[in-house]
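Residue numbers (this note's numbering), protein chains in the order written: chain U, 5 to 518; chain B, 5 to 518.
Just so you know, even glycine gets a beta-carbon here, dropped at the ideal spot from N, CA and C.
Some notes on the structure that comes next.
Number of protein chains: 2
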Amino acid sequence: MIKLTARILGLEAEKPVVLLNKEDAEDIDVRPLDRVELVLGRRKGTAIVNTAAHFVKPGEAGLYGEIADHMRAINGDVIQVFPASPPESLIHIREKLAGKRLNEKEIRMIVEDTVHRKLSDIEMTAFVTALYKDGVTSAEVVALSKAMALTGKSLNLGKKEIYDKHSIGGVPGDKTSMLLVPIVGAAGLTIPKTSSRAITSPAGTADRFECLAPVDLELEEIKRIVNKINCCLVWGGAVDLAPADDLFIQIEYPLSIDPLLLPSVMSMKKAVGAKYLVIDIPTGDEAKVKTTKEAETLAERFIDLGKKLGIKTVGASTFGEQPIGRAIGPALEAREALEILMTGKGPEDTIDKVTHIAGILMDFKMKKGGKREALRIINSGKAYDKLKQLIDEQGGNPHAKPDDLNIGPESVRIKSSIRGTVSWIDNHSIVEISRAAGTPKDKGAGMLLHKKMGDRVRKGDTLFEIFANKKYKLERALKIANSIHVMGVGKKMDMLLEKIPRKVEHPKYFILER
Amino acid sequence: MIKLTARILGLEAEKPVVLLNKEDAEDIDVRPLDRVELVLGRRKGTAIVNTAAHFVKPGEAGLYGEIADHMRAINGDVIQVFPASPPESLIHIREKLAGKRLNEKEIRMIVEDTVHRKLSDIEMTAFVTALYKDGVTSAEVVALSKAMALTGKSLNLGKKEIYDKHSIGGVPGDKTSMLLVPIVGAAGLTIPKTSSRAITSPAGTADRFECLAPVDLELEEIKRIVNKINCCLVWGGAVDLAPADDLFIQIEYPLSIDPLLLPSVMSMKKAVGAKYLVIDIPTGDEAKVKTTKEAETLAERFIDLGKKLGIKTVGASTFGEQPIGRAIGPALEAREALEILMTGKGPEDTIDKVTHIAGILMDFKMKKGGKREALRIINSGKAYDKLKQLIDEQGGNPHAKPDDLNIGPESVRIKSSIRGTVSWIDNHSIVEISRAAGTPKDKGAGMLLHKKMGDRVRKGDTLFEIFANKKYKLERALKIANSIHVMGVGKKMDMLLEKIPRKVEHPKYFILER
Numbered sequence: 005m006i007k008l009t010a011r012i013l014g015l016e017a018e019k020p021v022v023l024l025n026k027e028d029a030e031d032i033d034v035r036p037l038d039r040v041e042l043v044l045g046r047r048k049g050t051a052i053v054n055t056a057a058h059f060v061k062p063g064e065a066g067l068y069g070e071i072a073d074h075m076r077a078i079n080g081d082v083i084q085v086f087p088a089s090p091p092e093s094l095i096h097i098r099e100k101l102a103g104k105r106l107n108e109k110e111i112r113m114i115v116e117d118t119v120h121r122k123l124s125d126i127e128m129t130a131f132v133t134a135l136y137k138d139g140v141t142s143a144e145v146v147a148l149s150k151a152m153a154l155t156g157k158s159l160n161l162g163k164k165e166i167y168d169k170h171s172i173g174g175v176p177g178d179k180t181s182m183l184l185v186p187i188v189g190a191a192g193l194t195i196p197k198t199s200s201r202a203i204t205s206p207a208g209t210a211d212r213f214e215c216l217a218p219v220d221l222e223l224e225e226i227k228r229i230v231n232k233i234n235c236c237l238v239w240g241g242a243v244d245l246a247p248a249d250d251l252f253i254q255i256e257y258p259l260s261i262d263p264l265l266l267p268s269v270m271s272m273k274k275a276v277g278a279k280y281l282v283i284d285i286p287t288g289d290e291a292k293v294k295t296t297k298e299a300e301t302l303a304e305r306f307i308d309l310g311k312k313l314g315i316k317t318v319g320a321s322t323f324g325e326q327p328i329g330r331a332i333g334p335a336l337e338a339r340e341a342l343e344i345l346m347t348g349k350g351p352e353d354t355i356d357k358v359t360h361i362a363g364i365l366m367d368f369k370m371k372k373g374g375k376r377e378a379l380r381i382i383n384s385g386k387a388y389d390k391l392k393q394l395i396d397e398q399g400g401n402p403h404a405k406p407d408d409l410n411i412g413p414e415s416v417r418i419k420s421s422i423r424g425t426v427s428w429i430d431n432h433s434i435v436e437i438s439r440a441a442g443t444p445k446d447k448g449a450g451m452l453l454h455k456k457m458g459d460r461v462r463k464g465d466t467l468f469e470i471f472a473n474k475k476y477k478l479e480r481a482l483k484i485a486n487s488i489h490v491m492g493v494g495k496k497m498d499m500l501l502e503k504i505p506r507k508v509e510h511p512k513y514f515i516l517e518r
Numbered sequence: 005m006i007k008l009t010a011r012i013l014g015l016e017a018e019k020p021v022v023l024l025n026k027e028d029a030e031d032i033d034v035r036p037l038d039r040v041e042l043v044l045g046r047r048k049g050t051a052i053v054n055t056a057a058h059f060v061k062p063g064e065a066g067l068y069g070e071i072a073d074h075m076r077a078i079n080g081d082v083i084q085v086f087p088a089s090p091p092e093s094l095i096h097i098r099e100k101l102a103g104k105r106l107n108e109k110e111i112r113m114i115v116e117d118t119v120h121r122k123l124s125d126i127e128m129t130a131f132v133t134a135l136y137k138d139g140v141t142s143a144e145v146v147a148l149s150k151a152m153a154l155t156g157k158s159l160n161l162g163k164k165e166i167y168d169k170h171s172i173g174g175v176p177g178d179k180t181s182m183l184l185v186p187i188v189g190a191a192g193l194t195i196p197k198t199s200s201r202a203i204t205s206p207a208g209t210a211d212r213f214e215c216l217a218p219v220d221l222e223l224e225e226i227k228r229i230v231n232k233i234n235c236c237l238v239w240g241g242a243v244d245l246a247p248a249d250d251l252f253i254q255i256e257y258p259l260s261i262d263p264l265l266l267p268s269v270m271s272m273k274k275a276v277g278a279k280y281l282v283i284d285i286p287t288g289d290e291a292k293v294k295t296t297k298e299a300e301t302l303a304e305r306f307i308d309l310g311k312k313l314g315i316k317t318v319g320a321s322t323f324g325e326q327p328i329g330r331a332i333g334p335a336l337e338a339r340e341a342l343e344i345l346m347t348g349k350g351p352e353d354t355i356d357k358v359t360h361i362a363g364i365l366m367d368f369k370m371k372k373g374g375k376r377e378a379l380r381i382i383n384s385g386k387a388y389d390k391l392k393q394l395i396d397e398q399g400g401n402p403h404a405k406p407d408d409l410n411i412g413p414e415s416v417r418i419k420s421s422i423r424g425t426v427s428w429i430d431n432h433s434i435v436e437i438s439r440a441a442g443t444p445k446d447k448g449a450g451m452l453l454h455k456k457m458g459d460r461v462r463k464g465d466t467l468f469e470i471f472a473n474k475k476y477k478l479e480r481a482l483k484i485a486n487s488i489h490v491m492g493v494g495k496k497m498d499m500l501l502e503k504i505p506r507k508v509e510h511p512k513y514f515i516l517e518r
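This is the structure we're talking about:
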């Protein structure tokens, strides 16, 4: 044990980190990333050790924000520091490294210590990497899903039968959820939809809907709204449902691996109490899942896991070779979705997709005819009425018209120098250009595709338009648009020949959105 | 690109880290652990991004020490910040995660970026974990060894034939190297011995020899000494030979995995230009390697790798069930070694071990009779003469006598409450008690074993003695000594019965010393 004087560093570590001088650390025989137990009066806490040769002087304990708050320490407090054993979860991480299949209790410990920030980046990375290398067994996926749900809050809506929808993502412009929730809600099904913000894509559902109404709602507020109007459309990150997910994503993202995809999705569904679920799997060379065979395998894993968690699950492999609809970017997509629900008119692919997916959910109840019913709900204006309710309850302006959405004032049209037919659209390029233009941060930024696959193009026709809030961002996006192939225009039969040169590597655009 | 005002944080990251406000990071579309390119006047640098919500304000770039130095930035400098691609090595780490066998060039990139601190902890951990999970191929081990040697300095001694020795460690009190170097040096062989400091053990060879002479020598000084007297005994960490090793150990240590053992050892041997090498593999239930079969397998891997690196290698499996000699702790061990070389007398196991290992090295030249010659060199006083030269050249006092060594003034003797024979000694407990007593930091701390395996014990005989510099450390060590079984004393045949209850788990004492 050693007595040290507290020094509040004013630094955020998001973990309980204490910075010790190297001398002091040696004195109590701890090394960086070992744990120490801190005692200050009657308060105790465990912290992860970092060491410094100069920044913290001998006799000082440098406290990062989280542990300082936990200990209620102020500068000058005398803190007792004891070497502590590593958390038991670390023993199980080491077992996982050694190839052991972990049981429910062991996985629960690891997820709990992840959520409580008791594990270092090295330890969490070893766990995630080992899961990736060994593959996760069906029992482990179940245990992870449960643990990730149980270590967060849950949305308890009593006896209601909860419906839910999830897309594994990977296709830009996919405003399906924003259309589906009002449709399904109008059909009388309960759908408390939590959604994500964009990580690597131009827009997440939360980013889109935020153009019409706030999405950072508290759990109690969500309950009230769903009890009143059947549905909501909120940002999952605001409600602390399955919080382990975000922490695992921070490890997976730089490594471009995704071993926790299934538990990540299903823990959230478990936390909202879903009974019926449709998983949208965009499929195609331009999507995350390349072939229908792969989509089937993935869907079966979701279905199997759903069974074990009491969630009746159906998978839907959808066409993912090009963006959904014409608009990409939060406000542009919100506008497109609003127009579809107001008029029943809009891009055919978008309407077809949402009625298919909504239909699958409605068929859980109606047995058949869901797709037709979904279309009827759009065309009758009931979906738009539900959308207005939704916007109103979440605190937005229900009378907002498409023109009220703030689209970036700076724009440029890219025109075709040849005539022909659009044979392919590069999703990765669309993402890259849109992000350069400012999405998802600048809600008005994005792209509008004037042409899509199969469309005839005359020389001089606009292929797509880029929007930005600021001129330099527009220029940045334009520079990229000029340097890469975004669309292939040619005679129908040129398609395969065109595909070869456009196989540019986009290692940055592994898309981790869930 | 964004222009930010430099703010020197006064923090050490040991990596080029720049702390951006979340807003600014979003603005240039970078996430934590992404890279940015910094430009200040004519200076450029790549940094790893961390983000903060408050600690760094919008418009500021918080610079950690390393990148601040590299950019020669001062507070208020205006720095241009561009998003940058991840280093190519990260692509190869991702390939390794995907199961690819990496080639020499790819491994070289990863090791280089490790040494230049261009990889985050998450990325390095993923690499080390993947190596551990997949196993490292023979070709990869060769490539790693070469890369780890080439990314550091090397000791070029011209045409001399270099001999070397290494122990994989794991047994406390092992002062073999400190005895072997003067013996082999006196025999006329060139042995520029680099050694390590303790990480988890009570003493490393560098810690021991430092009680007699400085070990932090520069490369040029080492050259001078070896050219003059054939040998040296220095701390490897001071000379920047194979610097990647230390960085990998920082990842391996908290995970208790060791996938880089072979390249770690052999890169250092390559860097000093070794031609002949003996690898000591302490073997036994109390050691790292449990059986002679395991020892053979490991030795064969070293031999095979040696062949590919041009180092003729012999393995030696040695008895590792109890400490070597009677002394544990830097000064106590230095004293024991000094006595052996001065008098030719001392613990039989220690003398037997060092003459065996030295003999193997000498047999590379003499073909046979090395062990006998080694013993002759001790008994003739030639080894002691060489030790005095060694101490003198490295800047110590060559006339130091055993009593000149500073042993901790606080001590306590642990006595036997029964009579019998010592049937086992628990190496882990010895380590734990010695470290609690202050080793390796307090050089005078440690233990002296009055009894070893097979020794007769009468009731009241001292079993072992604990030494410390400070009373509270002695008490801390004593508390541990009283709570765990250190030695088994019983009738000879009780041994197996005694072994069962002492199988206490010591998860903390995975011993990473190399």
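8 Å Cβ cutoff, residue i in contact with chain B
i, result
"Asp-33(U)", "yes"
"Pro-247(U)", "no"
"Tyr-280(U)", "no"
"Phe-86(U)", "no"
"Ala-65(U)", "no"
"Lys-445(U)", "yes"
"Phe-213(U)", "no"
"Ser-438(U)", "no"
Simplified DSSP state of residue i, which is helix, strand or coil
i, result
"Thr-443(B)", "coil"
"Arg-98(U)", "helix"
"Ala-207(U)", "coil"
"Leu-8(B)", "strand"
"Ile-418(B)", "strand"
"Thr-155(B)", "coil"
"Met-497(U)", "Confidence is the limiting factor: at Met-497(U) the pLDDT is only 45, short of 50, which leaves the residue's position unreliable and the question unanswerable from this model."
Separation of residue j from residue i, as counted between CA atoms
i, j, result
"Gly-103(B)", "Lys-104(U)", "19 Å"
"Asp-249(U)", "Ala-278(U)", "18 Å"
"Arg-212(U)", "Thr-347(U)", "19 Å"
"Gly-29(B)", "Thr-55(B)", "Note that residue 29(B) is Ala in the sequence shown, not Gly. Answer to the nearest angstrom: the Cα atoms are 7 Å apart."
"Asp-73(B)", "Lys-48(B)", "12 Å"
"Met-75(B)", "Ser-124(B)", "20 Å"
"Met-497(U)", "Val-426(U)", "Residue placement at Met-497(U) is flagged as unreliable, the pLDDT there being 45, under the threshold of 50; a coordinate-derived value is accordingly withheld."
"Met-151(U)", "Lys-109(U)", "Strictly speaking, residue 151(U) in this sequence is Ala, with Met absent from that position. In a straight line, the C-alpha of Ala-151(U) is about 9 Å away from that of Lys-109(U)."
"Val-276(U)", "Ala-320(U)", "21 Å"
"Ser-268(B)", "Phe-131(B)", "15 Å"
"Lys-369(U)", "Leu-281(U)", "12 Å"
"Leu-13(U)", "Glu-414(B)", "37 Å"
Minimum Cβ-Cβ distance from residue i to chain U less than 8 Å
i, result
"Asp-220(B)", "no"
Chain C residues whose Cβ lies nearer than 8 Å to that of residue i
i, result
"Thr-129(B)", "In the displayed structure, chain C is absent; the protein chains listed are U and B."
Residues bridged to residue i (per DSSP)
i, result
"Ser-171(B)", "Asp-284(B)"
"Glu-537(U)", "The shown model of chain U, from 5 to 518, leaves out residue 537(U), and the question about it has no answer."
I'd like the ranges of any alpha helix (DSSP H) spanning at least 4 consecutive residues and lying wholly in the region 103-141 of chain B. 108-119, 125-138
What ranges does the beta strand (DSSP E) occupy inside the region 284-348 of chain B, keeping only unbroken runs of at least 3 residues that lie completely in it? 316-323
Which runs of the alpha helix (DSSP H) fall wholly inside the region 182-231 of chain B and span at least 4 residues, in chain order? 209-213
Every unbroken alpha helix (DSSP H) inside the region 355-410 of chain U [4 residues or more]: 374-383, 386-397
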